[in-house]
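Read through the structure below, which is laid out as structure tokens, and then see the notes.
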Amino acid sequence: MAVDLSMPVLVVDDYQTMIRIIRNLLNQLGFKNIEEAKDGKQALEKLNGGKFGLVISDWNMEPMTGYELLQQVRASDKLKATPFIMVTAESKTENVIAAKKAGVNNYIVKPFNAETLKGKLKAVLGEF
Amino acid sequence: MAAAEAAIKIRSAMEQLKATGVRERPLVEVLSLSHQMADAMTAFFGSLDKSIIGEFKYLADFIQKARDEISGLQANDIKDTRLPGASVELDAVVRDTEKATESIMAEAEGLMAKEPTDLAAYKAEVDAAMMRIFEACSFQDLTGQRVTKVISTLRHIEERVTKFASALGVTDAASQESAEDARKRELLLNGPAQNGPATSQDDIDALFA
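Respectively, the protein sequence lines represent chains Z and R.
The numbers in the first sequence follow the numbering used here, run straight up by one, and end at 128.
The numbers in the second sequence follow the numbering used here, run straight up by one, and end at 337.
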């Protein structure tokens, strides 16, 4: 099944510049419906208030981290099926394994390039 | 005369007097024994005073050394000038970096949004945008100088603290983990690794294969 490029994508990062970079890359790849949140808490509120086809989240944010957001999403009956990609500078193996155990669909370590993001989107969502 | 030797002499003199009875001894002998006791006690208290004086001198020297080291630490200079100065420099680095990033991204987004019909005009716009991007990149020179100043401050503090700790033989006491540190540990908030990612993207991909 083809990926619905009009589906809402939630980008979560406490650095506006990083949100802007991911937004531009997603736009280039054809995704047009992109929303943003500055931390896990705000992201959870948005997720509970709407229907999103994908979450792309940073890890290190306050007051709620991306890891905590992932755990909350996977614990929610409404949200648990939402694809979740972590994009973070947290590159220790313990972080990757913890995120995988918590149910992350893929993991991108910063700094990353457009090809890496595209590859992970295809791995999680399918060809587009 | 050592304290133990003086004590033995005094005890011996006292025992002699007790054993024979002071009234039955000739006055000269009693005086001689008293003189012997007085000599022994003088020697004893003399040695006692010297050892106490020695201890006090050691303590005074240590306190003076500590004062010199604390003075050399230049804590007020670090607190009032160097650390606030470093903080100002780092704030400026963040501000300059954000400003440059904003300029570069705005130029890039502007070019991406264009739908060129006139290629010559489009090339001129691209060239102008590239020049503005080059200009924005000049922030790196300033931030580099600012970061160098901050590094210099940190090295200054490191040298002073190391010298202070070494001179006074300071060792670290066991510290209790703060709530912030506990949260960082529990949520695996390690921050960016030095010299590139701790785990490469290829290794991460292998875990998800």
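Every residue gets a Cβ at the ideal spot worked out from N, C-alpha and C, and that includes glycine.
With respect to chain Z, the C-beta atom of proline 212 of chain R has no partner C-beta closer than 8 Å.
DSSP, read as helix, strand or coil, puts leucine 201 of chain R in helix.
Beyond the five residues adjoining it in sequence on each side, isoleucine 138 of chain R comes within less than 7 Å, by CB distance, of Met165, Ala168 and Met169 in the same chain, given in chain order. In the DSSP assignment, serine 294 of chain R falls within the unbroken alpha helix (DSSP H) covering 267-296. A Cβ-Cβ contact shorter than 8 Å links proline 63 of chain Z with aspartate 39 of chain Z. The three-state secondary structure of glutamate 127 of chain Z, taken from DSSP, is coil.
Contact annotation for glutamate 68 of chain Z against chain R: Leu315 [CB-CB distance below 9 Å, chain order]. Excluding the 5 residues flanking it on each side, alanine 194 of chain R has same chain C-beta neighbours closer than 7 Å at Leu296, in chain order.
Among the residues facing chain Z, glycine 319 of chain R is included, as its CB has a counterpart in that chain under 8 Å away.
The C-beta of glutamate 217 of chain R comes no closer than 8 Å to any C-beta of chain Z.
Taking all protein chains in view, the Cβ of proline 325 of chain R is crowded by 16 or more other Cβ atoms within 10 Å, so the residue is classified as buried. Taking 8 Å as the threshold, the shortest C-beta distance from isoleucine 332 of chain R to chain Z falls below it. Take the alpha-carbon of asparagine 113 of chain Z and the one of glycine 238 of chain R: they are about 20 Å apart. For the segment 12-53 of chain Z, the full-length beta strand (DSSP E) segments reaching 3 residues or more read 34-37 along the chain.
Within chain R, the C-beta atoms nearer than 7 Å to that of glutamate 90 of chain Z come from Leu316 and Asn318, in chain order.
Contact of alanine 220 of chain R with chain Z is not assigned, every C-beta pair being separated by 8 Å or more.
Here threonine 82 of chain Z is near phenylalanine 52 of chain Z, since their CB atoms are less than 8 Å apart. With 16 or more other CB atoms across the displayed protein chains lying within 10 angstroms of its CB, phenylalanine 31 of chain Z is buried. Taking 7 Å as the upper bound on Cβ-Cβ separation, chain R lies near residues Thr17, Arg20 and Asn24 of the segment 3-29 of chain Z. In this structure, DSSP gives phenylalanine 84 of chain Z an extended state, which the three-state scheme calls strand. When DSSP reads this structure, asparagine 106 of chain Z sits in a beta bridge with Z:Ile85. Residue environment analysis places asparagine 48 of chain Z among the exposed positions, since fewer than 16 neighbouring C-beta atoms fall within 10 angstroms of its C-beta.
With a beta-carbon spacing of about 6 Å, alanine 102 of chain Z and arginine 74 of chain Z fall inside the 8 Å limit used to define contacts. Using a Cβ-Cβ cut-off of 8 Å, phenylalanine 336 of chain R counts as an interface residue toward chain Z, since at least one Cβ of chain Z sits closer than that to its own. Here glutamate 243 of chain R is exposed, its C-beta having fewer than 16 other C-beta atoms within 10 Å. Counting the other CB atoms within 10 Å of its CB gives isoleucine 181 of chain R a total below 16, which places it among the exposed residues. Contact annotation: asparagine 33 of chain Z and leucine 317 of chain R have beta-carbon atoms that are not nearer than 8 Å. By the neighbour-count criterion, in which 16 or more other beta carbons inside 10 Å mark a residue as buried, methionine 142 of chain R falls on the exposed side. When rounded, the separation of the alpha-carbon atoms in alanine 257 of chain R and glutamate 263 of chain R is 10 Å.
Proximity of chain Z to threonine 229 of chain R at the Cβ level (cut-off 7 Å) is accounted for by Thr17, in chain order.
The three-state reading of DSSP puts leucine 10 of chain Z in strand, counting E and B together.
If you check the CB distance, asparagine 106 of chain Z and phenylalanine 336 of chain R come in under 8 Å.
Near chain Z, meaning a CB-to-CB distance below 7 Å, no residue of the segment 246-280 of chain R qualifies. Around leucine 117 of chain Z, the same chain offers Leu25 as residues with beta carbons nearer than 6 Å, after the five sequence neighbours per side are excluded. The contact set of lysine 100 of chain Z on chain R, defined by CB atoms closer than 9 Å, consists of Leu335 and Phe336 in chain order. The three-state secondary structure of valine 3 of chain Z, taken from DSSP, is coil.
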